[in-house]
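Trainee: Sharing a structure, written as C-alpha cells. Questions coming.
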Amino acid sequence: MAGHSKWANIQHRKGRQDAKRGKIFTRLIKEITVAAKMGGGDPNANPRLRLAIEKAKTHSLPKDNIENAIKRGTGQLEGASYEEIRYEGYGIGGAAVMVDCLTDNKTRTVADVRHAFTKHGGNLGTAGSVAFQFKHCGQFVFAPGASEEKVMEAALEAGAEDVIASEDGSIEVVCAPADFHAVGAALDKAGLKAELADVTYKPENETELSGEDGARMQRLLDALEALDDVQEVYSTAAIAEG
Numbered sequence: 001m002a003g004h005s006k007w008a009n010i011q012h013r014k015g016r017q018d019a020k021r022g023k024i025f026t027r028l029i030k031e032i033t034v035a036a037k038m039g040g041g042d043p044n045a046n047p048r049l050r051l052a053i054e055k056a057k058t059h060s061l062p063k064d065n066i067e068n069a070i071k072r073g074t075g076q077l078e079g080a081s082y083e084e085i086r087y088e089g090y091g092i093g094g095a096a097v098m099v100d101c102l103t104d105n106k107t108r109t110v111a112d113v114r115h116a117f118t119k120h121g122g123n124l125g126t127a128g129s130v131a132f133q134f135k136h137c138g139q140f141v142f143a144p145g146a147s148e149e150k151v152m153e154a155a156l157e158a159g160a161e162d163v164i165a166s167e168d169g170s171i172e173v174v175c176a177p178a179d180f181h182a183v184g185a186a187l188d189k190a191g192l193k194a195e196l197a198d199v200t201y202k203p204e205n206e207t208e209l210s211g212e213d214g215a216r217m218q219r220l221l222d223a224l225e226a227l228d229d230v231q232e233v234y235s236t237a238a239i240a241e242g
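Going by the numbering used here, the residue at position 171 of the sequence shown is 171; the numbering climbs one at a time, nothing skipped.
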C-alpha cells in the first residue's frame with residue numbers, strides 16, 4: 001500500500017476500536033482466560049498471557065477482572081470453556097479477511113460469521129484459503145514526527161526484523177512474535193512510545209479500496225467485529241478516507 005494512507009488507516013482502526021470499549025473488555029477477559037488455560041497463570045512463563053494482561057491494562061481493565069479471568073483459565077473459578085477457531089474469507093475486491101474467534105458454541109459462531117460475510121458482499125472460504133497472505137509478527141507503529149534514526153537504532157539492536165518509514169512520516173517496526181517484549185522494552189528504554197503495539201497478522205500485500213467499494217468493505221469489517229464471539233479481524237483491505 002502507498003505510504004501516504006498508512007497512518008490514516010491506523011488512526012481510523014484505533015478510533016473504531018476505542019469506540020467499542022464495552023466489547024473490548026469482554027474480549028480482553030476472554031483472551032486472558034484462554035491464555036491462562038493454555039499456558040498457565042504465571043505471566044512471566046506465559047508470553048501470551050503477559051501480552052493479554054498488558055493489553056488489558058492499556059484499556060484500563062480493572063485488576064479484579066484480570067485476576068478473576070486468570071483464575072477461570074487455571075480452573076480456580078468456574079466459567080465458560082472457550083475454544084479458539086479461525087475463519088477465512090474474501091471481502092470486496094478480493095480483499096482477504098481472517099477472523100479469530102473464541103467461542104463456547106461453534107455452531108452459533110460459524111452461522112454468525114457466514115451471515116456477516118454473505119450479507120455484506122463477501123464469501124466465507126475454507127481453512128488456509130487466505131492465511132498465507134498474512135505475516136504473524138510483532139508490530140509497533142510510531143506517529144509522524146518520531147525520529148527514524150532513534151527508532152531504527154533501538155529496534156534493530158533488540159532484534160527487530162525491519163523498520164519501515166512511510167511517506168506520511170509514520171514509522172513501523174516489525175519483529176518476530178517471540179521478540180515482541182524485548183523490542184518493546186528497548187523502545188521504551190529509548191523513550192520511544194508507539195501509538196500501536198501488538199502481536200498481529202500483517203498483510204503481505206494490501207488491496208486498496210475507495211468510494212463505494214471502501215464503504216462496503218468497512219460495513220463487512222464492522223459487522224464481523226460486532227459479533228460477540230469475534231476477537232480480532234485482520235484484512236488486506238486498505239480503505240481510503242472519504
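Quick reminder that beta carbons are idealized off the backbone N, C-alpha and C, glycines included.
Since this is a predicted model, take the numbers as computed values, not measurements.
1. State the start and end residues of the unbroken alpha helix (DSSP H) segment that holds aspartate 188.
2. Can you tell me whether arginine 72 is buried or exposed? The criterion is at least 16 other CB atoms within 10 Å of its CB, across all chains shown.
3. Output needed for phenylalanine 25: all residues of its chain with C-beta closer than 8 Å, excluding positions within five of it in sequence on either side, in chain order.
4. Taking the alpha-carbon of serine 147 as reference, which of Ala165, Ala158, Gln139 and Tyr90 has the nearest alpha-carbon?
5. Are there three or more Cβ pairs, one per stretch, closer than 8 Å when the segment 218-225 is compared with the segment 192-201?
6. Within a Cβ cutoff of 8 Å, which residues of the same chain sit near arginine 243, ignoring the five residues on either side of it in sequence?
7. Decide if methionine 38 is buried, meaning its Cβ has at least 16 other Cβ atoms within 10 Å, or exposed.
8. Taking all protein chains shown into account, do 16 or more other C-beta atoms lie within 10 angstroms of the C-beta of phenylalanine 132, making it buried, or fewer, making it exposed?
9. What's the C-alpha gap between glycine 250 and proline 47?
10. How many whole angstroms separate the CB atoms of leucine 187 and alanine 143, which I take to be in contact at a CB cut-off of 8 Å?
11. Given a cut-off of 8 Å, decide if glutamate 84 and serine 129 are closer than it, judged by their beta-carbon atoms.
12. Mind checking which residues open and close the alpha helix (DSSP H) that includes glycine 73?
13. Taking the Cβ atom as the reference point for each residue, do glycine 91 and valine 97 lie within a distance shorter than 8 Å?
14. Would you report the Cα separation of valine 151 and proline 43, rounded to the nearest angstrom?
15. I'd like the span of the alpha helix (DSSP H) that includes threonine 236, first residue to last.
16. What did DSSP end up calling glutamate 225 once you bin it into helix, strand or coil?
17. What separation, rounded to the nearest whole angstrom, lies between the Cα atoms of glycine 255 and serine 235?
18. Any idea which residues DSSP pairs glutamate 88 with across the strands?
19. Does DSSP put glycine 93 in a helix, in a strand, or in coil?
20. Give every residue of the same chain whose Cβ lies closer than 8 Å to the Cβ of lysine 55, excluding the five residues on either side of it in the sequence, and list them in chain order.
21. Could you tell me how far apart the beta carbons of glutamate 161 and alanine 176 are, in whole angstroms, since I believe they sit closer than 8 Å?
22. In chain order, which continuous runs of the beta strand (DSSP E) of length 3 or greater are located wholly inside the segment 149-219?
23. How would you label alanine 80, buried or exposed, when you count the other beta carbons within 10 angstroms and need 16 or more for buried?
24. Glutamate 204: buried (16+ other C-beta within 10 angstroms of its C-beta) or exposed?
25. Just tell me which of Glu157, Leu102 and Ala215 has its CA closest to the CA of glutamate 232.
26. Do valine 141 and leucine 124 have their beta-carbon atoms positioned less than 8 Å apart in this structure?
Mentor: Reading it off the structure:
1. On the sequence shown, residue 188 is found 188 positions in, with the first residue counted as 1. It spans 180-189 - the alpha helix (DSSP H) in which aspartate 188 sits, taken as one unbroken run.
2. Residue mapping note: residue 72 aligns to position 72 of the sequence shown, counting from 1. Buried is the call here.
3. The residue you call residue 25 lines up with position 25 of the sequence shown. Closer than 8 Å at the Cβ level, and outside the excluded window around phenylalanine 25, lie His59, Leu61 and Asn65.
4. The sequence position of residue 147 within the sequence shown is 147, counting from 1. Considering only alpha carbons, the answer is Ala165.
5. no
6. Shown here, the chain extends from 1 to 242; a query on residue 243 therefore has no answer.
7. Counted from its first residue, the sequence shown places residue 38 at position 38. The residue is exposed, with fewer than 16 neighbouring Cβ atoms inside 10 Å.
8. Working through the sequence shown from its first residue, we reach residue 132 at position 132. Per the 10 Å Cβ criterion, exposed.
9. Here the chain has residues from 1 to 242 only, and residue 250 is not among them.
10. Start at 1 with the first residue of the sequence shown, and residue 187 comes out as number 187. Start at 1 with the first residue of the sequence shown, and residue 143 comes out as number 143. About 13 Å; that fails the 8 Å criterion.
11. Locating residue 129 in the sequence shown gives position 129, where the first residue counts as 1. Locating residue 84 in the sequence shown gives position 84, where the first residue counts as 1. Against a cut-off of 8 Å, the Cβ pair of glutamate 84 and serine 129 comes out as no contact.
12. Taking the sequence shown and counting its residues from 1, one reaches residue 73 at position 73. Its alpha helix (DSSP H) spans residues 63-74.
13. Residue numbering aside, residue 91 sits at position 91 when the sequence shown is read from its first letter. Residue numbering aside, residue 97 sits at position 97 when the sequence shown is read from its first letter. In contact: glycine 91 and valine 97 (Cβ atoms closer than 8 Å).
14. Residue 151 sits at position 151 when you count from the first residue of the sequence shown. Residue 43 sits at position 43 when you count from the first residue of the sequence shown. Distance between the alpha carbons of valine 151 and proline 43: 27 Å.
15. Locating residue 236 in the sequence shown gives position 236, counting from the first residue. No alpha helix (DSSP H) holds threonine 236; DSSP gives it neither H nor E.
16. Counting from 1 along the sequence shown, the entry for residue 225 is found at position 225. In the structure shown, glutamate 225 sits in a helix (DSSP, three-state: H, G or I).
17. Given that the chain is displayed from residue 1 to residue 242, the structure contains no residue 255 and the question cannot be resolved.
18. Counted from its first residue, the sequence shown places residue 88 at position 88. DSSP, once it has assigned bridges, lists Met98 as partnering glutamate 88.
19. Position 93 of the sequence shown holds residue 93. Residue state, collapsed to three classes: helix.
20. Indexing the sequence shown from 1 puts residue 55 at position 55. Result list for lysine 55: Leu28, Glu31 and Asp198, in chain order.
21. For the purposes of this step, residue 161 is taken as the residue at position 161 of the sequence shown. For the purposes of this step, residue 176 is taken as the residue at position 176 of the sequence shown. That pair is a contact at about 7 Å.
22. 162-165, 171-175, 196-203 and 207-209
23. As a position in the sequence shown, residue 80 is number 80, starting the count at 1. So alanine 80 ends up on the exposed side.
24. By 1-based counting over the sequence shown, the position of residue 204 is 204. Classification of glutamate 204: exposed, given that the 10 Å Cβ count is below 16.
25. Mapped onto the sequence shown, residue 232 falls at position 232. It is Leu102 whose Cα lies nearest to the Cα of glutamate 232.
26. Along the sequence shown, read from residue 1 onward, the residue named residue 124 stands at position 124. Along the sequence shown, read from residue 1 onward, the residue named residue 141 stands at position 141. Result no, Cβ atoms of leucine 124 and valine 141 do not sit closer than 8 Å.
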